[in-house]
Amino acid sequence: MTSNDTPYSNLPPEKFWRTGVAQKHITQLENVYVKKFEITESDRISTQGSCFAQHVARYMKEAGYKILDLEPALPGMTEETAKRFGYGVYSARYGNIYSVRQWLQLFEDAREQTVREEDIFERDGRFFDGLRPAVEPEGLESLEEAIAHRRKHLEQVRRLFRLADVYVFTLGLTECWVNKESGTVYPICPGVVAGTFDPEKYEFVNFRYEDVYRDFVMLRRKIKRMNENARFLITTSPVPLTATATDNHVLVASSYTKSVLRAVAGGLYEEFDDIDYFPGYEMATTHTARGFYYNPNQRTITPDGVALVMKAFLEQHKPITRHQPAAKHAQRAGAARPGPQRAAEEELVCEEIMMEAFAK
Amino acid sequence: MTLRGCMIGNSHVTCMAQAWEEIASYHPEIALTFFGSPGQTLTGTVLENGCIVPESEKIRRTFEMMAKQDRIVLKDYDFFVLVGARAGVGVVAQIQRLFQLRDQPSRAGARYLASDAAFRAALWDYYATGGISHVADLLRAADVEAPIFCFSSPNADIRVKKMGNAFSGFYAEYAEAPALAPLTRMETWLARQMRDRGLIPLPQPAETVVEDIMTESRYSIYADTLARGETPDQDDVRHMNADYGKLALRDLFAKIRTMGLQPLVSAA
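Quick mapping for you: the protein sequence lines, in order, are chains A and B.
Residue numbering for the first sequence follows my numbering, starting at 146 and increasing by one per position.
Residue numbering for the second sequence follows my numbering, starting at 750 and increasing by one per position.
Okay, here's the thing in structure tokens:
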């Protein structure tokens, strides 16, 4: 280093905003993601998290990675129907896991095979598992049946934690609803899909950085006790909140949530060698994309946006299959095309969207 | 007065075609024309000017082979019979293989539970994505007035349980822990859906059924199939022979008599 040199003197173009971003088309960004560890053909991958994780899971599956599916759909079901019943969406039929606390809770419940009767919600004589209310859209016949289903589900989730080598998790929300007495967190406010909202029984919690970070570290430790080689690939969902229960405007609330989750992801990435962060959030949300990758609802991501993000992913974690359909999608996204949306938005399973029904 | 029937099916229609060759002379009041196409390939047909027309050369050839016609002219028939629908209790049993339904405590060892709603959805999807359902849709779209009867694919030959192959696995768990009521509940539900869509489901001939979800071997042995062609396959447990076909036609004709069906076709 000469006397005129600074730590910035010899950095590559992607380290500078002008050459790394401003002078590049959004589809041509380089080295946005550099993998921290390999995911091999033999790694068994568990997928979970908020809605956006479904995209990651689908692309990885198409790319030939060994995505675990411990609760497969009934034979004969079409993919569309299977999705409606929560089959094939994630590695087990737990629905969206929006918060790390919910994931930690699932781990504990699976390990102890704990089923709480109070988490079964009733609506119009049908019974719903309050911890995954959307997987049975019509509910179940009886409380007993709902409990039996939850018990069987937890058996499979326990197997999943025993089997998985790599966990792909998308951080989704900080806001959630908690049972005051038991501390149980719900993926969706009781009363939205099923059950009744009782302010005496449930309270709103907006997790802070420390909460989310601590929950993840605790869960990581528990998982590592079962499999010391377990690794984690985390992403932050670029999908804004559907609604907020805070006093803030939903834009502000959403910014808080995403900032906290992104910061936690960064903190975990810095702290642990076995936690990688994939910056799909940055790619989808950057203003240089001018919102092009958001659907008209300004909330969900277009297929092109997903393809762009996953292209960066698959450049690092190469597809394993020979015909690589996912890679094909990704290449297609390489050329940005303005104009009418090419394909209909892919239907994701998102309980949170049900909140929209409450928007006046 | 001849009633003209149009038999449309997949490989399962073959046993009825073979039976008809033997018994046609006993039924001068009925004329049957058989159109077949293996597997679910009937999905490759379309409605065109009042006819069901194959989209591919392969299907056209099989139509020609069986019926000496390359299309089904709908106005030429007084009734239609669809053969080989993905329905029936045998199909239900296959779908539930790894799953336990409500009211099946004897299947507690099954790996997964399935709600009635999920099971019905799977059953419906399986039926609706099949070739027979596709043809039923075409007939409905064509507003045919003639009744449309429907035979499901038959239950598997009971021999399968002793064969120790992959197919026998479909039935092994059921055989260990039978629980028929939920299967019947599902079969009944699907039959109702079919009726709601204008079909008249006809059950598998009663004397051919054993152990509720299987078929007596003598109705299957030496079955020759449209799919397989020339040589009978000794290990074929899914297809039925002409003896089965005769019983199925007997039930069909009985139903037609009960309904007092009269020729619609002016040429008849």
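Cβ coordinates follow ideal geometry from the N, Cα and C atoms, glycine included.
All values reported here derive from a predicted model rather than from experimental measurement.
Quick check: what's the CA-CA separation for A1003 of chain B versus A940 of chain B?
Looking at the two C-alpha atoms, the distance is approximately 19 Å.
Confirm, please, whether the CB-CB distance from Y426 of chain A to T381 of chain A is below 7 Å.
Against a cut-off of 7 Å, the Cβ pair of Y426 of chain A and T381 of chain A comes out as a contact.
Could you check if L156 of chain A is buried or exposed, using at least 16 other CB atoms within 10 Å of its CB as the buried criterion?
Exposed, because fewer than 16 other Cβ atoms sit within 10 Å of the Cβ of L156 of chain A.
Measure the C-alpha to C-alpha separation of D188 of chain A and L823 of chain B and round it to an integer number of angstroms.
Their backbone Cα atoms lie some 56 Å apart in a straight line.
Quick one: grab the DSSP three-state call for K817 of chain B.
Coil, per DSSP.
What are the residues of the region 265 to 282 of chain A that lie near chain E, defined by any Cβ-Cβ distance shorter than 8 Å?
Annotation note: the requested chain E is absent from the structure, which comprises protein chains A and B.
Where E175 of chain A and Q258 of chain A are concerned, what is the direct C-alpha to C-alpha distance, given to the nearest angstrom?
E175 of chain A and Q258 of chain A: Cα-Cα distance of roughly 46 Å.
Report yes if the CB atom of L386 of chain A is closer than 7 Å to the CB atom of V395 of chain A, and no otherwise.
In this structure, V395 of chain A lies closer than 7 Å to L386 of chain A by Cβ.
When the cut-off is 7 Å and only beta carbons count, does L850 of chain B lie next to chain A?
L850 of chain B does not count as touching chain A.
Exposed or buried, what is M815 of chain B when buried is set at 16 or more other beta-carbons lying within 10 Å of its beta-carbon?
Label assigned to M815 of chain B: buried.
Are Y993 of chain B and Y968 of chain B touching if we call contact CB-CB under 7 Å?
Yes. Within cutoff.
Does the beta carbon of T387 of chain A sit closer than 7 Å to a beta carbon anywhere in chain B?
It does not; no Cβ of chain B falls within 7 Å.
For L316 of chain A, which of A:A167, A:D150, A:K160, A:C196 has the nearest alpha-carbon?
The shortest C-alpha separation from L316 of chain A is found at A:C196.
Since N904 of chain B and V841 of chain B should fall inside the 8 Å C-beta cutoff, what is the C-beta to C-beta distance between them, to a whole number of angstroms?
Actually they are not in contact, since the Cβ atoms of N904 of chain B and V841 of chain B sit about 10 Å apart, beyond 8 Å.
Within 10 angstroms of the Cβ of K403 of chain A, are there 16 or more other Cβ atoms? Answer buried if so, exposed if not.
K403 of chain A is buried by the Cβ-count criterion.
Determine the direct distance from the alpha carbon of I757 of chain B to that of R934 of chain B, and round the result to whole angstroms.
Distance between the alpha carbons of R934 of chain B and I757 of chain B: 27 Å.
Let me check understanding here. Comparing Cα to Cα, which of A:R295, A:N149, A:R376, A:V245 lies closest to A309 of chain A?
Ranking the options by Cα distance to A309 of chain A, first place goes to A:R376.
Taking three-plus beta-carbon pairs below 8 Å as touching, is the region 224 to 242 of chain A in contact with the region 194 to 209 of chain A?
Segments in contact, yes.
So which residues on chain B does T433 of chain A lean against when the C-beta distance must stay under 9 Å?
The premise fails here: T433 of chain A is roughly 43 Å from chain B at the closest Cβ pair, so nothing lies under 9 Å.
If we ignore side chains and look at the alpha-carbon of each, how far apart do F868 of chain B and L929 of chain B end up?
Roughly 15 Å separates the two Cα atoms.
Would you say L862 of chain B faces chain A, with C-beta separation under 7 Å as the test?
Yes, because at least one Cβ of chain A sits closer than 7 Å to the Cβ of L862 of chain B.
Hey, out of A:P220, A:K369, A:I368, whose CA is closest to Y861 of chain B's CA?
Checked all of A:P220, A:K369, A:I368; the closest Cα to Y861 of chain B is A:P220.
Spatial neighbours of Q767 of chain B within its chain, please: CB distance less than 8 Å, with the 5 preceding and 5 following residues excluded, ordered by chain position.
If we look at Q767 of chain B and ignore the five residues flanking it on each side, its Cβ neighbours are D973, N990, A991, G994.
Run through chain B and tell me which residues come within less than 9 Å of M205 of chain A, C-beta to C-beta.
Here the premise fails: no neighbours, minimum Cβ distance about 24 Å.
Go through its chain and collect everything with a Cβ distance to I379 of chain A's Cβ below 6 Å, but skip five positions before and after it.
Closer than 6 Å at the Cβ level, and outside the excluded window around I379 of chain A, lie F314, A410, Y422.
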